[in-house]
Amino acid sequence: MRSFTYERANTPGEAAAAVARTPGARFIAGGTNLLDLMKLQIETPTHLVDVNGLKLDTIEPAPEGGLRIGALVRNTDLAADERVRRDYAVLSRALLAGASGQLRNRATTAGNLLQRTRCPYFYDTAQPCNKRQPGSGCSALDGVSRQLGIVGVSDACIATNPSDMAVAMRVLDATVETVKPGGVSRTIPIAEFHRLPGDTPHVETALEAGELIIAVTLPPPLGGRQIYRKVRDRASYAFALVSVAAVIHQDGTGRVALGGVAHKPWRIEAAEADLPRGPKVVTEQLLADAKPTHDNAFKRPLVERTLGAVISQARN
Amino acid sequence: MRFDTPATTNPIDQLKVVGKPTDRIDGRHKTSGTAHYAYERHDVVPDQAYGFVLGAAIAKGQVAAMHLEEAKTAPGVVAIVTTLDMPRLERGMMNAAYLFGGPVIQHYHQAIAVVVAETFEQARAAAYLIRVDYEPEAGKFDLAAEAPNAPLVGDDSGEGSSGPPEVRVGDFEGAFAAAEIKLDESYTTPDESHAMMEPHATIAAWDGDQLTLWTSNQMIAWGKRSIAKILGIPAQKVRLDSPYIGGGFGAKLFIRADAVLAALGAKAAQRPVKLALARPLIANNTTHRPATMQRIRIGANPDGIITAIAHESTSGNLADGKPETAVSQTRLLYAGANRLMAMRLAPLDLPEGNAMRAPGEAPGMMVLEVAIDEMAEKLGLDPVQFRILNDTQIDPENPDRRFSHRDLVGCLRLGAERFGWDQRNPQPTQVRDGHWLVGMGVAAGFRNNLLTKSAARVRLDREGVVTVETDMTDIGTGSYTIIAQTAAEMMGVALDKVVVRLGDSSFPASAGSGGQWGANNATAGVYAACVKLREAVVQQLGFNSADAVFSGGDVRSGNRSVLLADAASAGDLVAEDLIEYGNLAKTHQQSTFAAHFVEVGVDAATGEVRVRRMLAVCAAGRILNPKSARSQVIGAMTMGVGAALMEELAVDKRRGFFVNHDLAGYEVPVHADIPHQDVIFLDEVDPMSSPMKAKGVAELGICGVGAAVANAVYHATGIRVRDYPITLDKLIDRLPEAV
Ligand SMILES: Cc1cc2nc3c(=O)[nH]c(=O)nc-3n(C[C@H](O)[C@H](O)[C@H](O)COP(=O)(O)OP(=O)(O)OC[C@H]3O[C@@H](n4cnc5c(N)ncnc54)[C@H](O)[C@@H]3O)c2cc1C
Ligand code: SF4
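Chains A and B are the protein sequences, given in the same order. Residue numbering for the first sequence follows this note's numbering, starting at 1 and increasing by one per position. Residue numbering for the second sequence follows this note's numbering, starting at 1001 and increasing by one per position.
1. Decide if T1587(B) is buried, meaning its Cβ has at least 16 other Cβ atoms within 10 Å, or exposed.
2. Can you tell me whether L1015(B) is buried or exposed? The criterion is at least 16 other CB atoms within 10 Å of its CB, across all chains shown.
3. Given that G1665(B) touches chain A, what residues does it touch there, using C-beta distances under 7 Å?
4. Considering only their Cβ atoms, is the gap separating A1150(B) from T1314(B) smaller than 7 Å?
5. Strictly below 7 Å CB to CB, what residues from chain B border A126(A)?
6. Starting from the beta carbon of N1660(B), find every residue of chain A whose beta carbon is closer than 8 Å, and list them in chain order.
7. Would you call the segment 80-96 of chain A in contact with the segment 166-182 of chain A, where contact means no fewer than 3 C-beta pairs closer than 8 Å?
8. CA-CA distance, A1454(B) and A1113(B)?
9. For the alpha helix (DSSP H) holding Y1714(B), just list the boundary residues, first then last.
10. Within 10 Å of its beta-carbon, does L35(A) have 16 or more other beta-carbons around it, so buried, or fewer, so exposed?
11. By how many angstroms is the C-alpha of A1484(B) removed from the C-alpha of D57(A)?
12. Does the structure place the segment 1136-1143 of chain B close enough to the segment 1054-1071 of chain B that three or more beta carbon pairs sit under 8 Å?
13. Do V203(A) and ligand 1 come close, with the Cβ less than 6 Å from some heavy atom?
14. Report yes or no: do three or more beta-carbon pairs, one from the segment 1215-1224 of chain B and one from the segment 1317-1325 of chain B, lie closer than 8 Å?
15. What three-state label does DSSP hand D87(A) in the structure shown?
16. In whole angstroms, what is the alpha-carbon distance linking V73(A) and T108(A)?
17. State yes or no: is the beta carbon of E1185(B) nearer than 7 Å to at least one beta carbon in chain A?
18. Quick check on I1440(B): does DSSP put it in helix, strand or coil?
19. Taking the Cβ atom as the reference point for each residue, do T217(A) and T175(A) lie within a distance shorter than 7 Å?
20. Shorter than 7 Å from the beta carbon of Y1050(B) to some beta carbon of chain A?
21. Below 6 Å, is the gap between the Cβ of Y121(A) and the nearest heavy atom of ligand 2?
22. Please determine whether the Cβ atom of D164(A) lies at a distance below 6 Å from any heavy atom of ligand 1.
23. Determine the direct distance from the alpha carbon of G1640(B) to that of A1371(B), and round the result to whole angstroms.
24. For the beta strand (DSSP E) that contains R1622(B), what are its first and last residues?
25. With DSSP collapsed to three states, give me the class of Q1294(B).
26. So the candidates are G135(A), R106(A), R234(A) and I213(A); which of them puts its Cα closest to the Cα of I188(A)?
27. May I have the straight-line CA-CA distance separating V1598(B) from A1079(B), to the nearest angstrom?
28. Could you compute how far the alpha carbon of E1135(B) sits from the alpha carbon of T1286(B)?
29. Mind listing the chain A neighbours of P1669(B)? Cutoff is C-beta to C-beta under 7 Å, in chain order.
30. Using 7 Å as the limit for Cβ to Cβ distance, is L78(A) near chain B?
31. Would you give the residue range spanned by the alpha helix (DSSP H) that D36(A) belongs to?
32. Of the residues that make up the segment 1719-1733 of chain B, which ones have a beta carbon closer than 8 Å to any beta carbon in chain A?
33. For R1424(B), which three-state DSSP category applies?
34. Between which two residues does the alpha helix (DSSP H) harbouring G1518(B) extend?
35. Determine whether the Cβ of M1646(B) lies closer than 7 Å to any Cβ atom of chain A.
36. When burial is assigned at 16 or more other CB atoms within 10 Å of the CB, is H1288(B) buried or exposed?
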C-alpha cells in the first residue's frame, strides 16, 4: 500500500470537488474493495475522500413511484428493506447472494456498483493485464479463464463484472444519479453505466473523473415473480460462475439479465420477447456473439439450463 | 520405555479420564484470545520490527539484478536482505526447494528478499519498491505433457505411505488378461493447497549467536535441526517455540521461508523481526499436494473375487522432490493374488510438492475407491458387499504378515445399517427430490498407523500438580487435552491438576504432529514418563511399588493411603522417559480403517453438487478423547468434500504458477456446504500400537471421503467423472435434458 492522504467530505459537491482537485484521488465508501486492492497495489490512490459522512444513507420513495436508494446505503440494509423485499425481491435476493454478512454490513450501494473484476491475473501485479496496466497484454486470454467472460469480450480483456447487485439493478432498469465536480448532476441509465472492455478495459464505467454517485433509483414496481439464481462451485461466499436475474409474469413474459458472463450485467431487451418460448431461443440471442474460451465454454449451456430452471420456477 | 510386546493391562485401562469425551483444556484460551499464535506474541521479546517477504515474479531463471535504492530510503525501513546477498543456503529436512540465497529461481514466488521496517505497512510498501531484473528460462509446467517420459521412482511420503518404483506380486498381466470381468480406467487429481487458517509466521530474535524462533511449526525437533542446517549454525544454538498452531495439514512440517527470512532479517536489522507470509504468496512459495495421473486395472471372476489389481500413478515435482505416493494403500487394502503398483515422477518447475494431510493416501484412495465402485457395478454387486468380499487380514504382498487389528468389515456393516444403505436403489439416476438428483455413495477409508519414538518430562509439585513438558505440538487437534488426560489417568489426579506445556524445543523431543502419529505416540511417551514418576513417588513414600494404586489424588497400598502431593513435600519429583518401539510394526501391519457414506444432491439444471448427509464409521484403536477425535474426523470429512468438489490449484501452463493463489480463488468448503455429519468410532483397542492401545484418526478421516462423494454423484446422475474435482462444468453436458 502506498502512503496516501485522507479527508472527510461533508457534502456531495465538496466530495466531488476534492477528488477533482487532487490528481490520483479516490472516493472511499465501505472500503471492502478499494482497501484490498490498495494493499496489493493494484490501486494506488494518493488521496482518499471519505464519503461515509455524506448522509446519503436513506431509501426514499421516488417521485415517479419507485425508490431512491442513497449511494451510502449498506448492502445489508438495502436487502432487508421492507419495500425492496416486497417490490424488488430480485434485488434483495441478489444482494443476499453476494459476499458475506460482515462484508454486506460494510459494503455500500455505490461501492458495489464500482467493485472491480475478480480476474486472477488482475490480482497478481507480476502478470500482464490490460485492465491494471493498459497495454501490457491480457494474461487470461490464453491462460486460466474458467471464471471469465464469454460475451461482449475483446482481444484486450475478457474479465467479468462480479457484482450480483448490479445484475438485479439492470433487470429492474435502475438509473444512477451522480454529481460532477462542478456541481452538475446527471442520471445515467444502468444499461449505459458499465462499459464493455473494447480497447480500454481500464475504463469501466461512464463516470467522469471526480464524478460522485449519490443515488440509484428504481422505477415503479414491476410485479411478477422475481428470481435471482446464482450458480457457483460452493454454496456460499463465492462469485457467480453464472447468474440469472429475472422478472417473470404469469403469462410468461418478462425480463432477464445475466451475471458472470460479461464485463457488465448482460441484458438484451430484444431477446425477452421470446421468453414465453423458453430458454433456448432466449439464450441463443443473449449469447449470439459469445466467444468463450476453452475453460469457460461450459457457461453457454449453463446459462441456458439455469434460465430454464428460473423460468420454470417462476411459472410454478 | 521400550515397547516390543503387545500391551497388557495397565493404568490407562481404568478409563476414568482417558476415553471420556473431554472439552479442550486450551479451549478457554482459544475462545478468549489468550492463546497467542506466533504472530501475536508481542510480549516475548521487545522492539520487534516487521518483515515482508518478496516473491519472485518468474517461475524459472535467474535474478540478474535487484535495485534497492528507492526501497532503502523508504520511510521506516531498517534493513533489506536479498537473495543476491549470499550464496544459496542449504535445505532443511525433507524439502526439495531451496528457500533463499543465490540468483537461481526454481519456482514462482520463491523468496528473493525480506524488507524489515518499523511497521508492517512500511515493510510492505518498501518491498513493492524493489525493482528486479530477471533472466527467465523456459520451464516444464504441464504434468500431462511430461508424464509419458516420467521414470519409475519409489519413495515414501515422510508421513508413512510409501512404495518402491514398482511392486509385482504374482503375474498381473496374465491374470488381468484372463479375468472375466475387467476395469481399466484413468483418473486425475489436481494440485491442492493446505489453505490452513494461520499463515506461516515467525518472530526471530538473536541473542549473540543464540537464535530463538517463536513460530508455527508441527515438528519442533525437525525444525530445530533444519533451521540450524539452513543457517549453518549448531543446533544447540537454536530454540523453537510453537505452543499454538492455527492449522498446518502438513504445510508446517518443515522450516519454510518465514522462519529463514525472519532469522536473516533479524540478523541484518540487529533486532527481533516478526513476519508472516502474505496469503497470496503461500500457494506458490510453500508446498502443496501435487497433482496425479493415475491408472487402475482390476480383474475379477464373476463371483466378485479380485484376481488382479494394478495401480499406477504419475506425479511431478522439482528436481530432488518426491513422487506423490498414491499407490501405497492399494498395496494393502484388498486381497488379490496378482498385483502391480508403480509410481512415476516427472520433473516439473512448479512449486514444491510435498506432504498434505494423508499424502499419497488421499489422492490414491480418491481414485482407488472410485475404481472399486465402478468394478462393483460391472460385477452387479453392491459396493459394500464387493469390498467385504475382498477384505484381507494379511498383507497381500507378504502373507506371513497379519494386520495387528483390522475391522474394515465392521465399519462397512455398521455404517450401511446406520446410513440406511439398504434403502439405496442399486440403479443410478432413480431418485429425485424436487430439482435435486439424489445419490448415495460409499468408500473405504484406510490409513496406516505409524510408530515413532516420543519423549516427555513430568513433574509433581507439593500442591499435587502434575506438569507435563514435551515438544509435541497441538495444531488444533487436541494434543493438550489427550496429554493431560493421559497424565491424569496415570497419576490418579483430576484433569485440573495437570498442566501441559508443549511446542518448546527445550522440552524432550516428541513424535510431533504429522502422519496421524501424534496422538498415540505422544501420549505413549507421556505414559512412559508417568511410569517413571510413579516409581519415584512410590519410592519416596516408601510403598511397595507393585500394588500401589494412584487414585483420587491419593496413593494407596494395602490400608495405607497418602496424598500424592506429599511425595513432593521435600521438593518436586521429576521424571523423563521416552517410548521407543521394537519390531511390532514390522511383524504386523498397523492400520486404521473407516467406512464413509455420503448422500449428495445434484441440481438437475445446473449440475451444482451439494452434500446432504455424511457418516464415517472409524476403527482406529482406543479413542483417547471421543470429542476431539470427532472434531478431527469431521474436519477431515470436510476437507474430503473440498477435494471431491472444489479444491484445485489452477496451473498456468505457460507462466508456470498457481493462478488462484488466495482464498477467494482457491475455494474450500464453507459452512453452507457441509450438512449434518455423523461419526461413529468402533469400540476397540489395538494392544500392538502402544501402551495406550490407540491409533491415529486425523488422516483416516480424509481417506476415501472424496471417493464416497464422487460415487454418490455417479449414483445421482449416472455420470462418472474421473478428473477431480467434480465441478459442474464436467457434468453439464451429460446431465439429463433440461426441464
Ligand atoms: C471476500 C469478498 C467476497 C465478495 N463476494 C461478493 C459477491 O459474491 N458478490 C458481489 O456482488 N460482491 C462481492 N464482494 C464485493 C463487495 O460487494 C464489494 O466489495 C462492495 O460492494 C464494495 O462496496 P464498498 O462500499 O466497500 O466500496 P469501496 O471499496 O469503498 O469502493 C469501491 C469503489 O467505488 C468507489 N466509490 C465508492 N463510493 C462511491 C461513490 N459514492 N461515488 C463514486 N465512486 C464511489 C471507490 O472509489 C472505489 O473505487 C465481495 C468482496 C469480498 C472482499
Ligand atoms: S481478462 Fe482483463 S482483467 Fe483479466 S488479465 Fe485480461 S485484461 Fe486483465
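Glycine included, C-beta positions come from ideal geometry on N, C-alpha and C.
Judging by the given coordinates:
1. Here residue 1587(B) refers to the residue found at position 587 when the second sequence is read from its first residue. Exposed, since its Cβ has fewer than 16 Cβ neighbours within 10 Å.
2. Counting from one through the second sequence, the residue named residue 1015(B) turns up at place 15. L1015(B) comes out exposed.
3. Mapped onto the second sequence, residue 1665(B) falls at position 665. Those within 7 Å of G1665(B) in chain A are P120.
4. Within the second sequence, the letter at position 314 stands for residue 1314(B). Within the second sequence, the letter at position 150 stands for residue 1150(B). Cβ distance < 7 Å, so T1314(B) and A1150(B) count as in contact.
5. Here the question's residue 126(A) lines up with position 126 in the first sequence. Under the 7 Å cutoff, chain B gives A1057.
6. Sequence index remark: in the second sequence, residue 1660(B) carries index 660 (1-based). Chain A residues near N1660(B): P120 and V144.
7. yes
8. Reading the second sequence from its first residue, position 454 is the one you call residue 1454(B). Reading the second sequence from its first residue, position 113 is the one you call residue 1113(B). With the sequence shown as reference, residue 1454(B) is identified as Ser, and Ala is not the correct amino acid for it. The alpha-carbon atoms of S1454(B) and A1113(B) are separated by roughly 37 Å.
9. By 1-based counting over the second sequence, the position of residue 1714(B) is 714. It spans V1705 to T1717 - the alpha helix (DSSP H) in which Y1714(B) sits, taken as one unbroken run.
10. What you label residue 35(A) is simply residue 35 of the first sequence in a count that begins at 1. Under this definition L35(A) is an exposed residue.
11. Your numbering for residue 57(A) matches position 57 in the first sequence. Your numbering for residue 1484(B) matches position 484 in the second sequence. D57(A) and A1484(B): Cα-Cα distance of roughly 54 Å.
12. yes
13. Residue mapping note: residue 203(A) aligns to position 203 of the first sequence, counting from 1. V203(A) Cβ: outside cutoff for every heavy atom of ligand 1.
14. no
15. Taking the first sequence and counting its residues from 1, one reaches residue 87(A) at position 87. Looking at D87(A) - three-state DSSP - the assignment turns out to be helix.
16. Walking along the first sequence from the start, residue 73(A) turns up at place 73. Walking along the first sequence from the start, residue 108(A) turns up at place 108. So the alpha carbons of these two residues sit roughly 5 Å apart.
17. Taking the second sequence and counting its residues from 1, the one referred to as residue 1185(B) is at position 185. Not one chain A Cβ lies under 7 Å of E1185(B).
18. On the second sequence, residue 1440(B) is found 440 positions in, with the first residue counted as 1. The question names Ile, but residue 1440(B) in the sequence shown is Met. Three-state DSSP puts M1440(B) in a strand.
19. Locating residue 217(A) in the first sequence gives position 217, where the first residue counts as 1. Locating residue 175(A) in the first sequence gives position 175, where the first residue counts as 1. Closer than 7 Å, so yes.
20. Translated into positions along the second sequence, residue 1050(B) becomes position 50. No, no contact with chain A.
21. Here the question's residue 121(A) lines up with position 121 in the first sequence. Checking every heavy atom of ligand 2 against the Cβ of Y121(A), one is found closer than 6 Å.
22. Here residue 164(A) refers to the residue found at position 164 of the first sequence. Indeed, a heavy atom of ligand 1 lies less than 6 Å from the Cβ.
23. Counted from its first residue, the second sequence places residue 1371(B) at position 371. Counted from its first residue, the second sequence places residue 1640(B) at position 640. Cα to Cα, the separation comes out at about 17 Å.
24. Here residue 1622(B) refers to the residue found at position 622 when the second sequence is read from its first residue. No beta strand (DSSP E) contains R1622(B), which DSSP labels as neither H nor E.
25. Here residue 1294(B) refers to the residue found at position 294 when the second sequence is read from its first residue. Three-state result, Q1294(B): strand.
26. The residue labelled residue 188(A) in the question sits at position 188 within the first sequence. Taking only the C-alpha atoms, the option nearest I188(A) is I213(A).
27. Your numbering for residue 1598(B) matches position 598 in the second sequence. Your numbering for residue 1079(B) matches position 79 in the second sequence. Each residue's alpha carbon lies about 54 Å from the other.
28. As a first step, residue 1135(B) must be located in the second sequence, where it is residue number 135. As a first step, residue 1286(B) must be located in the second sequence, where it is residue number 286. Whole-angstrom Cα-Cα distance: 22 Å.
29. Here residue 1669(B) refers to the residue found at position 669 of the second sequence. Ordered by position in chain A, the residues that pass the 7 Å Cβ test against P1669(B) are R234.
30. Here residue 78(A) corresponds to residue number 78 of the first sequence, with the count starting at 1. So, not an interface residue.
31. Counting from 1 along the first sequence, the entry for residue 36(A) is found at position 36. First-last of the alpha helix (DSSP H) with D36(A): L34 to K39.
32. T1727, L1728, D1729, I1732 and D1733
33. In the second sequence, the residue the question calls residue 1424(B) occupies position 424. It is coil, neither helix nor strand.
34. By 1-based counting over the second sequence, the position of residue 1518(B) is 518. Per DSSP, G1518(B) belongs to the alpha helix (DSSP H) from G1518 to L1541.
35. The residue you call residue 1646(B) lines up with position 646 of the second sequence. Answer yes: the Cβ-Cβ gap between M1646(B) and chain A drops below 7 Å somewhere.
36. Locating residue 1288(B) in the second sequence gives position 288, where the first residue counts as 1. By the neighbour-count rule (16 or more Cβ atoms within 10 Å), H1288(B) is buried.
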